[in-house]
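Worksheet for the structure shown next.
Numbering (my numbering), first residue to last: -11 to 744.
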């Protein structure tokens, strides 16, 4: 029996390593987003500072470990065998849940996940105990530390409101003080702001965070607490003077210093506050196992009163966990995906918007606009004009072109994000309230973005939709964590050793699959980023070359997908049709992105190349319409097959086979002209198009006659006409694509962009 529990302990620590990896991948956004988003320093420097913060902060975690032992449930109500089942269910659930969110680049709360996993597993074991021992007269509620659980959950929810409000308020005041052209104000007030910021960080990280440190003695802690005001005043004066001297002597950028110090502080706070989420449960399991081995009693009756005792976490455990997190920070690609999500939602400029608007986000934008109008009517015009000047972004935006090297937001906002978040998180850590660092940093960042007018009318509806998606994911986190952990608790309890092995294998397979999915999503996102920010200044010949490449690839895709759509329909091949449908969706999405990126492409054009812009726009318009046609044809056919309607009869089928062959010939002619650049004479292609349009007209007449004779069904006839109508549009737009590209090439030759 001891071997089984030893195996569970080994599994717990093995899963703990995985949990540290997936956990830091999700939580890295909390301390990296401001420094990376503002490009406060080279990427490697930011990572090095964050890594040091994690290593040092890991030693501050010992006081938090009791949350995993007795914060959510009463350990003395469970036996050793039950507590080990509970801990294993929690850890397996945590790895699966966090890895799922990482895969889709959504920040979630590792604190909320661990709290609700503990709650779910504890409820499962409590249900089992009460059902097996009704004579005890105990209910499920007696096994759960409802007061502690409610305290934690209410603290987490309250932190969301506080973080957003403080982030918005502080950012608003700081922006009024410094404006977007902050260089001038920094000469006079930068050192004071830096002194306030770093002092605040010092106070909450040293004085409050010291309570949990494994290194600071009680005597040192007492001295620190007795001399709080002295430390605060000395720190403020010292930092202010030092920063002012550095600015005078070596022109140091104070905001960069604040952001990097804040990054270190927040990484330290993350390790101090969230390490419990990753290793607290395995350490509690290890402590339980040691107590069990020391007592040598029956695991079915040995209750875990020992877990109510004081927490003594070995320092080497904390340092090892810190090292694993620091290494993961450098290597994890999923961490960068999650960071990208938060940074893009707070981006100052427009660009690629990942999230689509919904009814609620539209309602919130309209309500905010109406509320803003109401406030403006109450505000004196002179005051409104002064405030507008403080928020003027004209010069800021002219300095920041839409390239990959451009910061997402400036150092002023980055410093506010870090300082406010550090203060809130460190204060909560000192109270041993495991609030969500993700919720705090995310809501501070969103609050500051709103105050900074990053959510303009061009982007607000998309950004708010993204914020709502992330917040919705937080509630889903709680639901999924509770449910899966509860189910796993039942499975492990009744399934024993075999169920543990099966669950470990399934967890490994799940992580492998999410890795594959993330790799594919990352490749797609990289292509989109290249298209948007891959170039600084674009010449007309570059646009022409890319346009020709896009036209050629689109025509090839339309030709292939049109042909395969009809072929799979003739064969009634659902699987083949599904594959083609996915490819058509990709084509449609690609054409949509090309169209959406027109603004950025034209912004990047050289001044003497601007005249080529309208030609580029025209080509993309026709590409978009052509892709629409292929998509509409597929949707008509897909709906027809999904509803199990009758296929075409033999006559209809043969007519479309002939049409399909003629269209393939037409597309080949078009591609030949595109590849060879033969635009002088399009008469042959125009004749080919006219020939196909005549075939379509004749097919329409034949179908009308079939209907009149009662030889065709209603649904089949509708499909026949719909496919013909979209095919006709496809032919028209394909020729228009070719003509538009011809006009672009002729213009380029006449203006010396392209050699004659």
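Glycine residues also receive a C-beta, built at the ideal position from the N, C-alpha and C atoms.
A quick note: this is a predicted structure, and the numbers were derived from the prediction, not measured.
Ordered along the chain, which non-local residues of its own chain (more than five positions away) have a Cβ less than 8 Å from that of residue i?
{"i": "residue 560", "result": "629, 635"}
{"i": "residue 673", "result": "654, 657, 658, 661, 723, 726"}
{"i": "residue 410", "result": "188, 189, 192, 193, 250, 253, 254, 257"}
{"i": "residue 318", "result": "35, 39"}
{"i": "residue 154", "result": "408, 412, 432, 435"}
Residue i lies in the alpha helix (DSSP H); which residues open and close that run?
{"i": "residue 708", "result": "702 to 738"}
{"i": "residue 306", "result": "303 to 319"}
{"i": "residue 688", "result": "671 to 697"}
{"i": "residue 132", "result": "Careful: residue 132 lies outside any alpha helix (DSSP H) and carries neither H nor E."}
{"i": "residue 666", "result": "Careful: residue 666 lies outside any alpha helix (DSSP H) and carries neither H nor E."}
{"i": "residue 67", "result": "Residue 67 -> no alpha helix (DSSP H), and no H or E assigned at all."}
{"i": "residue 576", "result": "562 to 584"}
{"i": "residue 119", "result": "98 to 120"}
{"i": "residue 206", "result": "206 to 214"}
{"i": "residue 373", "result": "369 to 378"}
{"i": "residue 612", "result": "601 to 630"}
{"i": "residue 427", "result": "425 to 439"}
Decide if residue i is buried, meaning its Cβ has at least 16 other Cβ atoms within 10 Å, or exposed.
{"i": "residue 624", "result": "buried"}
{"i": "residue 31", "result": "exposed"}
{"i": "residue 236", "result": "exposed"}
{"i": "residue 282", "result": "exposed"}
{"i": "residue 361", "result": "exposed"}
{"i": "residue 501", "result": "exposed"}
{"i": "residue 508", "result": "exposed"}
{"i": "residue 490", "result": "exposed"}
Taking DSSP as the reference, what is the three-state secondary structure of residue i?
{"i": "residue 52", "result": "Only weak support exists for where residue 52 lies, its pLDDT of 47 falling under 50; the value from the coordinates is given anyway. Three-state result, residue 52: helix."}
{"i": "residue 394", "result": "coil"}
{"i": "residue 453", "result": "helix"}
{"i": "residue 291", "result": "strand"}
{"i": "residue 61", "result": "strand"}
{"i": "residue 344", "result": "coil"}
{"i": "residue 167", "result": "coil"}
{"i": "residue 324", "result": "helix"}
{"i": "residue 224", "result": "helix"}
{"i": "residue 241", "result": "coil"}
{"i": "residue 30", "result": "coil"}
{"i": "residue 286", "result": "coil"}
{"i": "residue 640", "result": "helix"}
{"i": "residue 402", "result": "helix"}
{"i": "residue 95", "result": "coil"}
For residue i, which residues from the same chain have a beta carbon less than 7 Å from its beta carbon, with the 5 sequence-adjacent residues on both sides left out?
{"i": "residue 572", "result": "549, 618, 619, 622"}
{"i": "residue 62", "result": "131, 133"}
{"i": "residue 735", "result": "600, 603"}
{"i": "residue 15", "result": "98, 258, 262, 425, 426"}
{"i": "residue 468", "result": "85"}
Verify whether the separation of the beta carbon atoms of residue i and residue j is less than 8 Å.
{"i": "residue 767", "j": "residue 225", "result": "The first residue shown for the chain is -11 and the last is 744, placing residue 767 beyond what the model contains."}
{"i": "residue 431", "j": "residue 152", "result": "yes"}
{"i": "residue 128", "j": "residue 144", "result": "no"}
{"i": "residue 570", "j": "residue 729", "result": "no"}
{"i": "residue 22", "j": "residue 424", "result": "no"}
{"i": "residue 273", "j": "residue 434", "result": "no"}
{"i": "residue 252", "j": "residue 40", "result": "yes"}
{"i": "residue 351", "j": "residue 450", "result": "no"}
{"i": "residue 473", "j": "residue 81", "result": "yes"}
{"i": "residue 73", "j": "residue 481", "result": "yes"}
{"i": "residue 709", "j": "residue 641", "result": "no"}
{"i": "residue -1", "j": "residue 88", "result": "no"}
{"i": "residue 496", "j": "residue 325", "result": "no"}
{"i": "residue 647", "j": "residue 683", "result": "yes"}
{"i": "residue 378", "j": "residue 164", "result": "yes"}
{"i": "residue 681", "j": "residue 719", "result": "yes"}
{"i": "residue 439", "j": "residue 9", "result": "no"}
{"i": "residue 167", "j": "residue 465", "result": "no"}
{"i": "residue 609", "j": "residue 266", "result": "no"}
{"i": "residue 404", "j": "residue 437", "result": "no"}
So, at 6 Å on beta carbons, what are the nonlocal neighbours of residue i in its own chain, with the 5 sequence-adjacent residues on each side left out?
{"i": "residue 106", "result": "60, 78"}
{"i": "residue 768", "result": "Outside the displayed range of the chain (-11 to 744) lies residue 768, so it cannot be described from this structure."}
{"i": "residue 182", "result": "231, 242, 246"}
{"i": "residue 44", "result": "256"}
{"i": "residue 522", "result": "Note that residue 522 has pLDDT 47, beneath the 50 cutoff, so the model's placement of it is unreliable and no number is given."}
Return yes when the C-beta of residue i is under 7 Å from any heavy atom of the ligand SAM, and no when it is not.
{"i": "residue 211", "result": "Within the structure as shown, the ligand SAM is missing, as the structure has no ligands at all."}
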